[in-house]
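Protein chains in written order, with the working numbering: chain X, 11 to 401; chain Y, 165 to 472. C-beta atoms are modelled at their ideal positions from N, C-alpha and C, and glycine is treated no differently.
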């Protein structure tokens with residue numbers, strides 16, 4: 011049996027299973043196999059794994075493919091049910107025939123120019139700024155999509171630990187020394203200061219049944235946010251939590267949204283916010299809560315889970331971020347009171363409780379994110395909102 | 165500078181695994197194969213895994229197995245050239261200028277030549293790993309790369325491809341023999357694919373109960389066989405529980421040592437309660453398992469030992 015031939019075949023099979031395999035790596039793998047005992051299945055698997063996989067999440071997929079390939083002792087028949095491995099291909103299939111594909115180019119010319127898309131220039135679009143998202147027609151949703159995709163989100167800034175030249179700050183020794191050598195004296199002292207960077211965002215979006223009216227606009231909102239220069243991590247939840255960040259990292263909004271919808275199989279269904287947050291805290295927080303992020307939770311607070319868990323997990327999220335903001339589309343209604351058990355439990359922990367039901371409220375959110383005041387005290391619902399400023 | 169000698173790489177995976185075991189490091193087969201390939205193919209070894217599974221230890225053990233020096237670079241946010249590669253010793257340089265001035269001997273051109281020499285250079289880990297002042301190439305440990313920022317990753321990518329460093333005032337320094345590079349990551353963020361693709365990748369998982377028992381026996385010889393077995397089984401149960409931050413192998417070892425210090429040679433719920441802070445470092449986690457859950461886990465752990 012020709013080893014090189016088999017490795018190439020195996021590489022093709024891995025690619026079909028959705029792994030990102032480079033040709034160069036296959037050559038490395040062949041070279042590596044010269045050094046190990048090819049009679050040992052374990053060693054061959056470990057060798058190929060070391061060189062072809064560089065992501066923990068890919069290991070399971072690799073191992074299954076390896077088993078399948080080498081158990082058969084012959085190349086797999088075409089049409090082997092790779093997808094029965096429980097994985098979806100990373101490459102997204104072409105859109106179904108009949109669905110018009112809008113290129114970015116067309117998109118730019120269809121909507122208003124990017125200059126007019128700045129905050130406060132909504133009038134250019136045929137969308138009411140005060141109409142509730144939940145009552146948007148299909149046409150309005152499309153216009154809102156175009157607007158939100160290019161919404162100029164700007165985040166409050168944090169100081170990084172990197173230095174840059176500055177007009178004031180600590181003396182910068184390296185140029186100082188050079189000048190001293192060259193001129194023998196120092197007239198003005200070169201200085202340096204810490205560089206600043208925008209704060210990262212972590213967004214947790216509720217896509218359960220009660221939020222269905224808002225789920226499309228939420229997707230547009232999230233996509234627009236991900237297009238800004240800021241680092242954005244996005245999770246969607248209903249009964250369980252799914253990370254969708256990877257799916258948003260594309261320039262094609264339509265494709266990204268399509269992926270989003272597919273990834274979250276439980277689009278709709280009951281909500282368990284507390285459990286979703288627990289999953290976030292246990293499995294993701296350590297990886298995505300970095301550099302003092304702003305955490306945005308978008309939910310109406312209708313919760314079928316245990317409010318005690320919700321309160322506990324939300325408190326934990328709050329302690330690990332710079333600012334915790336809860337966006338509630340229902341807060342737009344004049345007579346809304348956050349009386350659901352879930353919302354009651356949550357309000358003790360959030361820094362801001364803001365509406366997110368129309369374009370005006372999103373503009374206000376944008377202003378708020380830009381200013382991003384330092385955290386003072388835990389949110390006190392009654393004390394601060396006795397006069398209910400939005401009504 | 166001395167004659168450079170090539171490293172003596174163990175002739176096979178088994179030999180490497182045994183050599184590591186004789187340094188009290190019990191490596192799983194996957195890790196042994198990856199490490200061996202990294203040495204043979206002269207690629208960096210990229211180790212990823214939860215905190216406390218023994219990633220850093222691999223580099224240490226590798227250095228002593230290969231009988232060479234270990235150079236360690238701990239990463240953090242904002243790590244830059246002056247802390248990773250080199251820095252000029254400014255206070256000394258300024259002092260030197262003042263001395264020259266007071267002797268009325270300051271000629272700017274000559275001063276520049278004199279001030280930017282080896283004497284005033286502070287060598288940081290990456291430069292030390294590259295320059296050839298020792299017999300054998302060292303092991304370079306780049307620890308917790310996920311803590312550094314993307315800018316540093318970019319620099320590292322360049323360094324790892326040609327193993328040379330350019331200092332504008334001195335010129336280019338090139339490694340005669342590239343160091344053995346071990347990169348670790350706790351995966352608090354995704355490290356860029358381009359960097360990983362240059363490496364031999366290995367994900368280190370928590371060990372099986374049996375492997376962990378062997379690790380305890382190798383690392384903490386004072387622990388009785390029975391206690392080691394129980395400790396390994398209990399920690400295994402603990403890891404199955406949903407916790408924010410579970411116990412790594414290093415916590416297991418600390419715990420085993422603590423139990424010996426307390427003169428215990430078997431586990432009971434009260435002892436576990438008292439020493440829980442060594443295994444779990446999070447208040448909420450400790451509260452979550454205290455009481456009945458500890459007893460239940462202990463029962464399961466003991467049953468495992470009795471059953472086989």
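query                                                                                                                              : result
Reduced DSSP secondary structure (H/G/I, E/B, other) of residue 336 of chain X                                                     : strand
Short CB-CB distance (under 8 Å) between residue 238 of chain Y and chain X                                                        : no
Within chain Y, partners of residue 61 of chain X - CB distance below 7 Å                                                          : 364
Proximal residues to residue 352 of chain X (C-beta, below 7 Å), its chain only, five neighbours per side dropped                  : 283, 311, 312, 313, 317 and 320
Close-in-space but distant-in-sequence residues of the same chain around residue 436 of chain Y (CB under 6 Å, 5 per side omitted) : 458
Contacts of residue 429 of chain Y in chain X (Cβ-Cβ under 9 Å)                                                                    : Here the premise fails: no neighbours, minimum Cβ distance about 34 Å.
Chain X within 8 Å of residue 358 of chain Y, Cβ atoms only                                                                        : no
Reduced DSSP secondary structure (H/G/I, E/B, other) of residue 337 of chain Y                                                     : strand
Distance, residue 342 of chain X Cα to residue 318 of chain Y Cα                                                                   : 46 Å
Residue environment, residue 384 of chain X, which counts as buried when at least 16 other CB atoms sit within 10 Å                : exposed
CB contact check: residue 230 of chain X to chain A, cutoff 8 Å                                                                    : Looking for chain A here will not work: the only protein chains present are X and Y.
Cβ pair residue 333 of chain X, residue 361 of chain X closer than 8 Å                                                             : yes
Spatial neighbours of residue 314 of chain Y in its chain, beta-carbon cut-off 8 Å, leaving aside the 5 residues before and after  : 356
Interface residues of chain X facing residue 408 of chain Y [CB-CB closer than 7 Å]                                                : 291 and 292
Pairwise C-alpha distance: residue 242 of chain X and residue 156 of chain X                                                       : 20 Å
Helix, strand or coil at residue 304 of chain X according to DSSP, with G and I counted as helix                                   : strand
Touch test, the segment 379–389 of chain Y against the segment 234–248 of chain Y, Cβ-Cβ under 8 Å, three pairs minimum            : no
Neighbouring residues, chain X, relative to residue 244 of chain Y (Cβ below 7 Å)                                                  : 172
CB contact flag (residue 300 of chain Y, residue 399 of chain Y, <8 Å)                                                             : no
Alpha helix (DSSP H) segment containing residue 385 of chain X, residue limits                                                     : Looking at the DSSP string, residue 385 of chain X is not in any alpha helix (DSSP H), and its letter there is neither H nor E.
Minimum C-alpha distance to residue 455 of chain Y - residue among Y:446, Y:441, Y:434 and Y:445                                   : Y:434
Positions along the segment 171–191 of chain Y whose CB lies within less than 7 Å of some CB in chain X                            : 177
Simplified DSSP state of residue 317 of chain X, which is helix, strand or coil                                                    : helix
Buried/exposed call for residue 174 of chain X, threshold 16 Cβ in 10 Å                                                            : exposed
Per-residue contacts from residue 198 of chain X into chain Y (C-beta, under 7 Å)                                                  : Correct list: empty, because the minimum Cβ distance to chain Y is about 17 Å.
Test: residue 367 of chain X CB closer than 8 Å to a CB of chain Y                                                                 : no
Residue 59 of chain X beta carbon less than 8 Å from that of residue 27 of chain X                                                 : no
C-alpha gap between residue 311 of chain Y and residue 376 of chain Y, whole angstroms                                             : 28 Å
Endpoints, the alpha helix (DSSP H) within which residue 146 of chain X is located                                                 : Element bounds for residue 146 of chain X: n/a, residue is neither H nor E.
8 Å Cβ shell around residue 465 of chain Y - same chain, five flanking residues per side excluded                                  : 394, 397, 398, 400, 401 and 431
Residue burial classification, residue 49 of chain X (beta-carbon count within 10 angstroms, cutoff 16)                            : exposed
Simplified DSSP assignment, three categories, for residue 18 of chain X                                                            : helix
Chain Y contact residues for residue 191 of chain X, given Cβ-Cβ distances below 7 Å                                               : 261, 272, 275, 276 and 279
DSSP bridge partner residues for residue 181 of chain X (one or two, in chain order)                                               : X:201
Three CB pairs or more closer than 8 Å across the segment 342–354 of chain Y and the segment 206–220 of chain Y                    : yes
Whether residue 172 of chain Y touches residue 292 of chain X by CB criterion (8 Å)                                                : no
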